[in-house]
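Scroll down for the structure; my scribbles are underneath it.
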Amino acid sequence: MAMGLVGGRRRGRRGRGGSRAPMSEINVTPLVDVMLVLLIIFMVTAPLLKAAVPIELPESRAKAMSEEAQQLTITIRRDGVIYLEDAPLSPGELADRLAAVPAGADGRPPLVTLRADRAIDYGTVMGVMGELNRAGFTSISLVTDVSGGSGA
Numbered sequence: 020m021a022m023g024l025v026g027g028r029r030r031g032r033r034g035r036g037g038s039r040a041p042m043s044e045i046n047v048t049p050l051v052d053v054m055l056v057l058l059i060i061f062m063v064t065a066p067l068l069k070a071a072v073p074i075e076l077p078e079s080r081a082k083a084m085s086e087e088a089q090q091l092t093i094t095i096r097r098d099g100v101i102y103l104e105d106a107p108l109s110p111g112e113l114a115d116r117l118a119a120v121p122a123g124a125d126g127r128p129p130l131v132t133l134r135a136d137r138a139i140d141y142g143t144v145m146g147v148m149g150e151l152n153r154a155g156f157t158s159i160s161l162v163t164d165v166s167g168g169s170g171a
């Protein structure tokens, strides 16, 4: 005998008039997929945004340093313009801007990374390093490109 066939149609999830009931759940899988793709895009592009002033760095075979949370970047372009982070400085303004940089939570000045174009005069780089030293910044890292060859 067939059970359950007697008595007409089963109503199930259908409401009145045979229409479906509205779905009350949201499928979050596409949302999670989009968010993961955006996270990957930001993770890849964030390091590229760090160096906003385009310069041609000299090459070196030194190991890469780890980035610190509190770090100050000074860039010297080929034409001699000095940048503090992304802001260009007028001649003689570096000392005043360095004096305004606050000390870290431990009372020490932040680590300074100095980026200079390979074609810039050595005296210009030394002048900037002298201003940094005079302002109390004694921890200075010189930024270079990693060379692919074995070098001489």
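Per the numbering used here, the sequence shown starts with residue 20, numbered consecutively. We put the beta carbon where it would ideally sit given N, CA and C, even for glycine.
Whole-angstrom C-beta distance between residue j and residue i, which should lie under 8 Å
i	j	result
V131	I95	So it is not a contact: roughly 13 Å between Cβ atoms.
L103	F156	Wrong, their Cβ atoms sit about 12 Å apart, outside the cutoff.
R97	A122	With 8 Å as the limit, R97 and A122 do not qualify as a contact, their Cβ atoms being about 32 Å apart.
Any chain B beta carbon closer than 9 Å to residue i
i	result
A65	The chain labelled as chain B is not found in the depicted structure, where only one protein chain is given.
Close Cβ partners of residue i (< 8 Å) along its chain, the five nearest in sequence each way excluded
i	result
A114	E150, R153 and A154
T64	none
P107	V100 and I101
Run of the alpha helix (DSSP H) containing residue i, from where it starts to where it stops
i	result
T143	Y141 to R153
Option in the options with minimal Cα separation from residue i
i	options	result
A135	R127, G126 and G146	G146
Q90	P129, P49 and S38	P129
L133	G142, G111, M148 and D140	M148
D140	V100, M62 and T48	V100
L161	I93, P49 and M42	I93
Limits of the unbroken beta strand (DSSP E) element including residue i
i	result
R134	L130 to A135
P107	A106 to L108
I159	I159 to L161
One or two residues paired with residue i in a DSSP bridge
i	result
A119	BP columns for A119 are empty, so no partner.
I95	I101 and A135
Q90	L130
Sequence-distant residues of the same chain with beta carbon closer than 7 Å to residue i, five excluded per side
i	result
T143	I95 and G99
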